[in-house]
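Data first, discussion second: the structure below is written as structure tokens.
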């Protein structure tokens, strides 16, 4: 883990959700919306196929910023906007830059991309600076 | 589309969620958490917690049943076939640990219409058994126009 100073970048996080990730996440989270788990249904409502849960992608942003902060206790707030759609079997990458640090709290701006497109943007985390 | 702004301010009876160790571990594995605080009770105890620690985003699990009460409320009138989750904001307090009981209250924060789309914003406030606010959530949804 690096230091959280204005302008510094957090360690990027990359993960490739496997083919059945959305099924496991549905069970773990309780969100069984068929657009995430049923290929035929997703296509019937005009999607390219099953899409990732937005809150799963947000959890990847949370993992990246808690790792930067040194643990789950460091994350005070996370605010995101969902844009576009994530799909299984394509790599997600979370990157972030510290915008400011004041009163022991770093504001980290993050983005989650897949195939070169942002699926989460304007993500802002408040992370307690340890030490 | 017409939206019912009369629903603004409506709140729903609290729901209580009992946080179980295996549910925390199942969630942590599903999202790829590797921190032993979320997976190993011994590691969590060694760090001063009573049991495995829920990842912050586990708020989705304990708050969702309460949020669903609002989202499925006929007076709010969300058309799920056109629903898009537009944004999410969580603010956290003390960490949630397996064994905690979390009570969540939800209210309709805003309902509006812009350019033919409906905007529905819910706010959730989750407290543990000691009355500490562990998470406040703002859930923003768009229902696309016909």
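Protein chains in written order, with this note's numbering: chain A, -19 to 111; chain B, 1444 to 1589. Quick reminder that beta carbons are idealized off the backbone N, C-alpha and C, glycines included.
Suppose you measure from the CA of residue i to the CA of residue j; what does that come to, to the nearest Å?
i, j, result
"residue 74 of chain A", "residue 38 of chain A", "10 Å"
"residue 1498 of chain B", "residue 46 of chain A", "9 Å"
"residue 1560 of chain B", "residue 1493 of chain B", "46 Å"
"residue 1562 of chain B", "residue 10 of chain A", "23 Å"
"residue 2 of chain A", "residue 1513 of chain B", "24 Å"
"residue 25 of chain A", "residue 1524 of chain B", "8 Å"
"residue 109 of chain A", "residue 1511 of chain B", "35 Å"
"residue -5 of chain A", "residue 1549 of chain B", "33 Å"
"residue 1515 of chain B", "residue 1539 of chain B", "27 Å"
"residue -2 of chain A", "residue 18 of chain A", "15 Å"
"residue 1582 of chain B", "residue 1571 of chain B", "20 Å"
"residue 1471 of chain B", "residue 1531 of chain B", "20 Å"
Throw me the rounded Cβ distance for the residue i and residue j pair, which I believe falls under 8 Å.
i, j, result
"residue 1503 of chain B", "residue 35 of chain A", "5 Å"
"residue 1448 of chain B", "residue 1554 of chain B", "5 Å"
"residue 44 of chain A", "residue -10 of chain A", "6 Å"
Regarding residue i and the ligand COA, is the C-beta to nearest heavy atom distance less than 6 Å?
i, result
"residue 1484 of chain B", "The ligand COA is absent from the structure shown, which contains no ligands of any kind."
message: For a minimum of 4 consecutive residues, which ranges assigned as the alpha helix (DSSP H) are wholly contained in the stretch 25 to 77 of chain A?
response: 34 to 49
- prompt: Should the stretch 54 to 66 of chain A be called in touch with the stretch 89 to 108 of chain A, which here means at least 3 C-beta pairs below 8 Å?
  reply: yes
field: Every unbroken alpha helix (DSSP H) within the stretch 1520 to 1550 of chain B, with a cutoff of 4 residues, ordered by chain
entry: none
query: Could you give the uninterrupted runs of the alpha helix (DSSP H) lying entirely in the stretch 1463 to 1522 of chain B, keeping only those of 4 residues or more?
result: 1464 to 1474, 1484 to 1489, 1502 to 1514
message: Can you pull out the residues from the stretch 1509 to 1543 of chain B whose beta carbon lies closer than 7 Å to at least one beta carbon of chain A?
response: Of all residues in the stretch 1509 to 1543 of chain B, 1524, 1528, 1529, 1530, 1531, 1532, 1533, 1534, 1535, 1538 have a Cβ within less than 7 Å of some Cβ in chain A.
query: Is it true that the stretch 14 to 23 of chain A meets the stretch 1474 to 1490 of chain B, where meeting means three or more beta-carbon pairs spaced less than 8 Å apart?
result: no
message: For the structure I just gave you, are there three or more beta carbon pairs, one from the stretch 16 to 36 of chain A and one from the stretch 44 to 58 of chain A, closer than 8 Å?
response: no
message: Under 9 Å, CB to CB, which of the residues in the stretch 1478 to 1500 of chain B have a partner in chain A?
response: 1478, 1480, 1481, 1490, 1496, 1497, 1498, 1499, 1500
message: Measuring CB atoms only, is the stretch 68 to 83 of chain A touching the stretch 1445 to 1455 of chain B, in the sense that at least three cross pairs come out at less than 8 Å?
response: no
task: Check each residue of the stretch 1464 to 1475 of chain B: if its Cβ is closer than 9 Å to any Cβ of chain A, include it; give the result in chain order.
output: Taking 9 Å as the Cβ-Cβ cut-off against chain A, the residues of the stretch 1464 to 1475 of chain B that qualify are 1466, 1469, 1470, 1471, 1472, 1473, 1474, 1475.
message: What are the residues in the stretch 1559 to 1579 of chain B lying within 8 Å of chain A by C-beta distance?
response: Residues: none.
task: Mind checking the stretch -12 to 11 of chain A against chain B and listing, in chain order, the residues whose C-beta falls within less than 8 Å of any C-beta there?
output: -5, 1, 4, 5, 7, 8, 9, 10, 11
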